[in-house]
């Protein structure tokens with residue numbers, strides 16, 4: 007099945023099959039999207055991240071609910087309203103096949119008393135609950151390839167705001183629903199879906215430490231919300247067909263719902279993270295899909311990897327950007343200006359950073375790790391080869407051939423700064439500053 011789909015995909019992309027019909031063109035574009043999404047999901051290790059978040063959800067769910075519904079009492083929410091909000095959250099998040107989890111959570115919450123814990127106890131509960139937020143925030147930022155720049159205090163504040171404001175807004179929705187006429191209220195039926203979509207769109211928009219467009223946030227969030235509702239129905243069907251609960255009951259007894267609950271949390275987070283990947287794809291659609299269009303028609307794509315000359319070209323672009331006073335340069339701009347495959351650009355940047363030729367600013371932009379006009383092209387190529395080229399025995403004939411070629415290349419690229427492209431022959435010099443001060447003295451766009 008997959009072999010047939012792969013063959014159809016390549017035939018459509020290479021023009022072996024007529025793709026003039028809008029249906030075929032749409033199918034080809036959809037295939038591009040699926041291939042890129044799967045590739046990016048593998049790069050970001052989504053299954054591992056989903057498992058980590060499922061674990062922290064199981065650990066932090068009681069502290070989060072305890073904090074949220076205790077703190078919202080001071081905001082004027084009655085006990086009945088809070089019970090209704092809690093039931094809506096259970097109905098929104100939990101699949102019908104694990105309704106026992108809601109009863110177990112109610113039992114745990116009924117026996118918990120936040121006021122009896124003391125200051126240290128409350129702080130501990132808050133930190134445990136915040137671990138879920140911290141791990142989710144890290145996953146979102148890693149997918150969007152940006153570095154966390156928020157202070158610990160700000161992250162705790164955002165977590166606190168989320169667990170207190172969310173129940174309040176949901177309660178406001180209940181009040182608005184009660185004021186609407188009619189015995190059968192459509193708003194009450196779609197409220198769980200609206201709640202899920204709003205939360206997921208807001209998370210994509212706010213969690214990454216970078217500007218994410220509303221288009222990308224809406225596409226990723228709505229996709230995850232719809233897939234989430236389908237997963238809830240599908241998960242229940244799966245447990246019924248496979249007899250999962252009955253088989254586990256013979257092993258775990260009354261706790262049989264816990265393994266099923268953990269499995270559901272894993273599915274839940276996998277759906278959420280796929281939506282984040284889709285948002286990343288929408289945010290960089292032309293770059294990622296354009297590279298995939300070229301790759302699928304290239305018979306040598308699987309053999310292509312960045313080499314020393316490719317790395318030298320990237321170093322030249324970064325140095326020119328720096329010497330022009332524009333500060334560090336982003337990966338997106340490097341990909342856009344070079345027209346190269348994003349995979350190759352990222353791989354080359356990783357090697358150049360590991361060799362000490364490049365460094366990253368706090369917002370994950372790249373700049374030279376030392377004054378570029380003092381470097382020779384031969385030194386850059388030698389550093390690249392030292393990190394990437396396979397080792398060869400010194401007494402082997404192959405080593406002699408490589409050494410002669412390297413010597414000839416050094417003679418051509420032995421002039422410092424000559425490898426840097428520019429509008430003119432003159433290379434402007436950097437003022438002498440220590441490497442650890444360069445980012446602060448030359449912020450992006452300076």
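In this note's numbering, the protein residues as written are 7 to 452. For glycine and all other residues, C-beta sits at the position ideal for the given N, C-alpha and C.
I'd like the list of long-range same chain contacts for residue i, defined as Cβ closer than 8 Å, with 5 residues on each side in sequence excluded.
i           : result
residue 316 : 346, 350, 354
residue 310 : 304, 347, 350
residue 406 : none
residue 467 : The first residue shown for the chain is 7 and the last is 452, placing residue 467 beyond what the model contains.
residue 18  : 25, 30, 33, 34, 37
residue 392 : 361
residue 435 : Since pLDDT at residue 435 reaches only 41, below the 50 mark, its modelled position is unreliable, and the value read off the structure follows with that caveat. Once the five neighbours on either side are set aside, the close Cβ partners of residue 435 are 377, 379.
residue 399 : 405
residue 217 : none
residue 272 : 56, 57, 60
residue 323 : 335, 340, 343, 344, 427
Look up residue i in the DSSP assignment and give the residues it is bridged to.
i           : result
residue 366 : 372
Could you tell me the distance, in whole angstroms, from the CA atom of residue i to the CA atom of residue j?
i           : j           : result
residue 219 : residue 211 : 7 Å
residue 196 : residue 237 : 16 Å
residue 327 : residue 373 : 9 Å
residue 143 : residue 56  : 13 Å
residue 441 : residue 239 : Because residue 441 carries a pLDDT of 41, less than 50, the predicted location of this residue cannot be relied on, and no value is offered for it.
residue 221 : residue 291 : 11 Å
residue 298 : residue 38  : 7 Å
residue 359 : residue 321 : 11 Å
residue 293 : residue 226 : 18 Å
residue 357 : residue 129 : 42 Å
residue 396 : residue 415 : 19 Å
residue 235 : residue 200 : 11 Å
residue 431 : residue 425 : Unreliable positioning characterises residue 431 in this predicted model, as indicated by a pLDDT of 37, which lies under 50. The coordinate reading is nonetheless provided below. About 11 Å.
residue 428 : residue 318 : 14 Å
residue 401 : residue 410 : 14 Å
residue 165 : residue 389 : 45 Å
residue 422 : residue 331 : 20 Å
residue 148 : residue 50  : 7 Å
residue 214 : residue 418 : 45 Å
residue 10  : residue 378 : 50 Å
residue 312 : residue 233 : 37 Å
residue 33  : residue 167 : 43 Å
residue 209 : residue 161 : 14 Å
residue 453 : residue 151 : Since the first residue shown for the chain is 7 and the last is 452, residue 453 is missing from the structure and cannot be characterised.
residue 140 : residue 394 : 35 Å
residue 467 : residue 408 : This structure gives no information on residue 467, because the portion of the chain shown stretches from 7 to 452.
residue 453 : residue 404 : Since the first residue of the chain shown is 7 and the last is 452, residue 453 is not available in this structure.
residue 339 : residue 15  : 29 Å
residue 352 : residue 265 : 39 Å
residue 13  : residue 134 : 49 Å
residue 146 : residue 28  : 35 Å
residue 1   : residue 364 : Residue coverage of the chain in this structure runs from 7 to 452, which leaves residue 1 outside it and unanswerable.
residue 275 : residue 54  : 10 Å
residue 48  : residue 344 : 25 Å
residue 341 : residue 289 : 14 Å
Over what stretch of residues does the alpha helix (DSSP H) that includes residue i continue unbroken?
i           : result
residue 360 : 348 to 360
residue 426 : Taken as a continuous stretch (DSSP letters only), residue 426 belongs to no alpha helix (DSSP H), as it is neither H nor E.
residue 42  : 28 to 49
residue 412 : 403 to 418
residue 389 : 383 to 394
Report all residues from its chain with a CB closer than 7 Å to the CB of residue i; omit the five preceding and five following residues, and keep chain order.
i           : result
residue 371 : 334, 335, 336, 450
residue 125 : none
residue 268 : 60, 64
residue 42  : 287, 294, 295, 298
residue 307 : 301
residue 325 : 374, 378, 426
residue 314 : 387, 390, 391
residue 223 : 207, 210, 211, 285
Sorted by chain position, which residues of the same chain lie with C-beta nearer than 6 Å to residue i's C-beta, five sequence neighbours on each side aside?
i           : result
residue 362 : 375
residue 230 : 206, 277, 278, 281
residue 420 : 382, 384
residue 228 : 203
field: Inside the region 265 to 345 only - alpha helix (DSSP H) runs reaching at least 4 residues
entry: Listed in chain order, the complete alpha helix (DSSP H) runs (minimum 4 residues) inside the region 265 to 345 are 291 to 302, 314 to 329, 337 to 344.
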